[in-house]
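Protein chains in written order, with this note's numbering: chain A, 1 to 348; chain B, 1001 to 1348; chain C, 2001 to 2348.
Ideal Cβ placement from N, Cα and C applies to all residues, glycine included.
Step one of this worksheet: look at the structure below.
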């Protein structure tokens, strides 16, 4: 990054663009965003968690974003706004704009004569685009990506290098796919027949809505008969596996390493913690929160937070308790017998 | 997909090819398979689960596949067969044949002069095939795949784009590897020596039998000294990790996100649920079923289903119970003391 | 592998190079290393676990590496050394040297005119190296890898095929990245604003120290503001996910399928079992061992082994015990009541 080339903005300009009230010197200029601990003289910081409030006293930041109820928590120049974290996101995006490669098809990309690529799109070296694929305006297809026959990619979508899109899948606009992502591989479908697995053709597609982001090495399988659907605004972290015929509701966010088995429907605005596992053929309501590491084996009909995690202990203590978990049934029997005996004694 | 180009088949033809008895109009023509809910007038559906039986009354399907004991559950034209799900798989494959690229080496593939590629094989753009590799009849090597030195790939096997095969690995016939698969990376082997890890060379191979399918981004490490072996007919879902020197028995099916640590031997016809984890150096008997999310830390000698999952609860209830799990040992002590006291009281 | 081309070494030579005392015929020549069970007449084996000691009686190995306290456990020629496993690693590396491709940029690699590639480096077909990237001495960039703008790769580092390095990331010397690895994708950062997620630009980098090895399809995200740091000597297995701004201490080893959420700091010399999950914003002390499958939701300040795994049982038994876990709180209440009643009875 070339520091000098980066534009600077005054607090007044930032508040003008993104909303908020400046307290202190509105002419202070900002070149970058930074955490309170490490921010320097031309940097803007932010406070979103009260627990870091004491850092406001010592930070070297030029200015800070604060919410209305923390407006007086700092003396340095500040912008008071409704949602400092969101404003920080906007300022960071303004100062660090997405750098996109120039439009055009690299001489070493392989684009089928029957594919349609917008003039404003960029196709990197080694990328392969098959027959009938459609690449929209200002799309970026990174180096060594593969876009299969008949796939359609909406405007402003970006595929980082080494992404694979199987045939006939459809991506919306402003989608971001990170490296290693695989969209539309065959779902895990087979029938046992006379001691051998028969493959069930996977003839559905994957449909991805607008403004979806998919983290590195996440895989989303195509549907068996119907389509797998990821609605708009869904955010998927790295190394997530989404089985065939799943349906993920709009604006749901899923943390890394989570698996969702086939035909499960997740609601809108859900949040799934890392390394969760959702069994197949379930329905999860809107606004459900699943804790990291939780296995969900039943449908969930009510919003709320759900958890299924064995609590961590030093191994020696765990050994004792885990052994007892395996014999809880017997412990329960002993308590029942005690209750009977105590009842008898009480009567006696 | 061009609907019109797809051939149609009469029920009589389908029953003739795949077995079964037609009830109703055997001349009804089928162009596609579909679920009961969404099937239309030229589509064949199927019933494999009694719980969907009521859909038979309302489906718009042209015909349906039923088992013998459900033969009278529908009035529409139907094929009665032993295993409707398997017959559905066969019909679906007939109607939706695997489309394979034409034979030949793409001008932008890089094939070493000392590699042997069958004339009937297809090698896509950007694929790299190193010295001494052997690519069998009708094999498809997708775009941007890598096949390392001395690797051998059996007839009719298909590598989707962006698959990596390290040197000397051996794949059987009719194997399917989905995008992102990595076969033969180094196993996780090292020795601690004076505060530093020494890498242990991984000089074994990966041997994959006939008719194996491997899902997107699954990784199978090469053996440290001996080989890692995946027997014929094994089906692996996406994002599975198989450590060095593992041996997976024939026709075992493993769901996504599962990890199998080094040197573990899994039997034949096992089924492992998603996000399971099998520790290293274990032996799992034939026909074992492991529930999703289960960590297996001991060998299993008997067929059956095994589970290790903390049950899910609303977070607030979980908090209370999880806290108690950490103190089960003390609860057990309290029950013991009660038993002693009640005994004394009984005597007294 | 061409057996004949491999050099052979006498026990005397091996002990001379790597330390240790030869007992028996020091002229015995070794061409390969092998496990005790399968070793043949020109092969060296080793014993690191007493439980395999009986194999010493029947092995056909030419010689064996033993520790001082097992010096007399075998009659065959042997090298007695402090750390037989480490010596085995060294002998294996001597006999099976890393084969590296010849220096030079393949005609089908795409290297930007403003990238710097050492003359001794090797860049494979299909690899893409962007503007300002620096590739050090003797580095190997495998086929179809991507090295983004401004990334720096230290001497002797090897990228196997299909690795992706995003812009500005920095790799040390002698680093090994296996296929499918993605370094520097955007971290999972977003702010909720009026019902939509706003992306937070991820402007940090990934810094990887010397002698780090990263397994197939592991992903390490770039920092949000500061950098994600992997210190020297860290060993990562396959399919691990490391979130933005994590810091992994030197010589820590992490087994496959493990996830580490953002901003967590892991100490030095830690060992994390497979499929573990570490929540975000935690601090884990040096020399902590986390059992496989364990979810860590709190910081750990003391060295030791920590576990959080529901014990496995046959499914039918699990059903009974899992149901009781969900009602532990009620069981505890019943025990409390019993204690009260017994107390009263005792008084009465």
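Next on the checklist: Taking 7 Å as the threshold (beta carbon to beta carbon), is residue 239 of chain A in contact with chain C?
Outcome noted: Yes, its Cβ sits closer than 7 Å to a Cβ of chain C.
Checklist entry - When the distance is taken between beta carbons, is residue 1243 of chain B closer than 7 Å to residue 1224 of chain B? => result No, the Cβ-Cβ distance between residue 1224 of chain B and residue 1243 of chain B is not below 7 Å.
Item to check | Three-state secondary structure (DSSP) of residue 1134 of chain B | outcome: Of the three classes helix, strand and coil, the one that applies to residue 1134 of chain B here is strand, per DSSP.
Next on the checklist: In this structure, how does DSSP classify residue 231 of chain A when only helix, strand and coil are distinguished?
Outcome noted: In this structure, DSSP gives residue 231 of chain A a state outside helix and strand, which the three-state scheme calls coil.
Checklist entry - In chain order, what residues of the same chain lie with their CB nearer than 8 Å to the CB of residue 1037 of chain B, ignoring the 5 residues before and after it? => result 1055 and 1059, listed in sequence order.
Item to check | C-beta contact flag for residue 311 of chain A and residue 1022 of chain B at 7 Å | outcome: Contact: no.
Next on the checklist: In whole angstroms, give me the CA-to-CA distance for residue 189 of chain A and residue 2228 of chain C.
Outcome noted: Taking the straight line from one Cα to the other gives about 39 Å.
Item to check | Inter-residue CB distance, residue 1124 of chain B and residue 1143 of chain B (contact presumed, cutoff 8 Å) | outcome: 4 Å between Cβ atoms; contact.
Next on the checklist: Contact between the segment 2206-2225 of chain C and the segment 2168-2186 of chain C is defined here as three or more beta-carbon pairs at a separation below 8 Å; is this criterion met?
Outcome noted: Proximity of the segment 2206-2225 of chain C to the segment 2168-2186 of chain C meets the contact definition, three or more beta-carbon pairs being nearer than 8 Å.
Checklist entry - Does residue 2271 of chain C come within less than 7 Å of chain A when only Cβ atoms are used? => result Output row for residue 2271 of chain C: interface = no.
Item to check | Selection from B:1252, B:1246, B:1164 and B:1245 that minimises the alpha carbon distance to residue 1234 of chain B | outcome: The shortest C-alpha separation from residue 1234 of chain B is found at B:1252.
Checklist entry - Can you find a C-beta in chain A that's less than 7 Å from the C-beta of residue 2132 of chain C? => result Residue-level contact by beta carbon fails for residue 2132 of chain C and chain A, as no gap is shorter than 7 Å.
Checklist entry - Name the chain B residues whose beta carbon is nearer than 9 Å to that of residue 2085 of chain C? => result Residues of chain B passing the Cβ test: 1191, 1192, 1193, 1198 and 1200.
Checklist entry - Run through DSSP, which three-state label would residue 1315 of chain B get? => result Of the three classes helix, strand and coil, the one that applies to residue 1315 of chain B here is helix, per DSSP.
Checklist entry - Cα separation between residue 2339 of chain C and residue 278 of chain A? => result Distance from the CA of residue 2339 of chain C to the CA of residue 278 of chain A, rounded to the nearest whole angstrom, comes to 41 Å.
Checklist entry - How would you label residue 77 of chain A, buried or exposed, when you count the other beta carbons within 10 angstroms and need 16 or more for buried? => result In this structure residue 77 of chain A is buried. Its beta-carbon is surrounded by 16 or more other beta-carbon atoms within 10 angstroms.
Next on the checklist: Taking the straight line between their C-alpha atoms, what separation do you get for residue 2126 of chain C and residue 161 of chain A?
Outcome noted: Rounded to the nearest angstrom, the gap between the Cα atoms of residue 2126 of chain C and residue 161 of chain A is 12 Å.
Next on the checklist: Can you tell me whether residue 2002 of chain C is buried or exposed? The criterion is at least 16 other CB atoms within 10 Å of its CB, across all chains shown.
Outcome noted: Because residue 2002 of chain C sits at a pLDDT of 44, beneath the cut-off of 50, its placement in the model cannot be relied upon, and the point is left open.
Next on the checklist: Distance cutoff 7 Å, beta carbons only. Does residue 1188 of chain B sit that close to anything in chain A?
Outcome noted: Among the CB atoms of chain A, none fall inside 7 Å of the CB of residue 1188 of chain B.
Checklist entry - Do residue 155 of chain A and residue 133 of chain A have their C-beta atoms closer together than 7 Å? => result Remark: C-beta atoms of residue 155 of chain A and residue 133 of chain A do not approach each other more closely than 7 Å.
Next on the checklist: Given a cut-off of 7 Å on the beta-carbon distance, is the pair residue 1262 of chain B and residue 1275 of chain B in contact?
Outcome noted: No, the pair does not count as a contact, with Cβ atoms beyond the cut-off.
Next on the checklist: With a threshold of 7 Å between beta-carbons, can residue 1265 of chain B be considered close to chain C, or not?
Outcome noted: No, no contact with chain C.
Checklist entry - Under the DSSP definition of a beta bridge, which residues are partnered with residue 1271 of chain B? => result Note: residue 1271 of chain B is bridge-paired with B:1253 and B:1289 in the DSSP secondary-structure output.
Item to check | Delimiting residues of the beta strand (DSSP E) encompassing residue 2282 of chain C | outcome: Per DSSP, residue 2282 of chain C belongs to no beta strand (DSSP E) and is neither H nor E.
Item to check | Residues of its chain near residue 308 of chain A, where Cβ-Cβ distance is below 7 Å and the 5 sequence neighbours each way are ignored | outcome: Contacts found: 294 and 295.
Item to check | Cβ-Cβ distance between residue 2255 of chain C and residue 2268 of chain C below 7 Å | outcome: Taking 7 Å as the Cβ cut-off, residue 2255 of chain C and residue 2268 of chain C do not qualify as a contacting pair.
Item to check | Close-in-space but distant-in-sequence residues of the same chain around residue 1342 of chain B (CB under 7 Å, 5 per side omitted) | outcome: Hits under 7 Å: none found.
Item to check | Bridge-paired residues (DSSP) for residue 78 of chain A | outcome: Residue 78 of chain A is bridged by DSSP to A:23 and A:64.
Checklist entry - What's the C-alpha gap between residue 2004 of chain C and residue 1088 of chain B? => result Residue placement at residue 2004 of chain C cannot be trusted, given a pLDDT of 49 that sits under 50; the coordinates are not used to answer.
Next on the checklist: residue 64 of chain A and residue 71 of chain A - do their beta-carbons sit closer together than 7 Å?
Outcome noted: No, the Cβ-Cβ distance between residue 71 of chain A and residue 64 of chain A is not below 7 Å.
Item to check | Of the residues C:2130, C:2113 and C:2100, the one placed nearest residue 2121 of chain C, counting alpha carbons only | outcome: It is C:2100 whose Cα lies nearest to the Cα of residue 2121 of chain C.
Item to check | First and last residue of the uninterrupted alpha helix (DSSP H) at residue 345 of chain A | outcome: Per DSSP, residue 345 of chain A is one residue of the alpha helix (DSSP H) stretching across 328-347.
Item to check | Contact set between residue 1121 of chain B and chain A, taken where Cβ atoms lie within less than 7 Å | outcome: Within 7 Å Cβ-Cβ: nothing; residue 1121 of chain B doesn't reach chain A, min ~18 Å.
Item to check | Interface residues of the segment 1212-1242 of chain B facing chain A [CB-CB below 8 Å] | outcome: If the cut-off is 8 Å between Cβ atoms, the segment 1212-1242 of chain B has 1213, 1215, 1216, 1217, 1233, 1235, 1237, 1238 and 1239 near chain A.
Next on the checklist: Between residue 2277 of chain C and chain A, is any beta-carbon pair separated by less than 7 Å?
Outcome noted: Closer than 7 Å: yes.
Item to check | Members of the segment 2043-2054 of chain C near chain B, C-beta cut-off 8 Å | outcome: Residues of the segment 2043-2054 of chain C with a Cβ closer than 8 Å to any Cβ of chain B: none.
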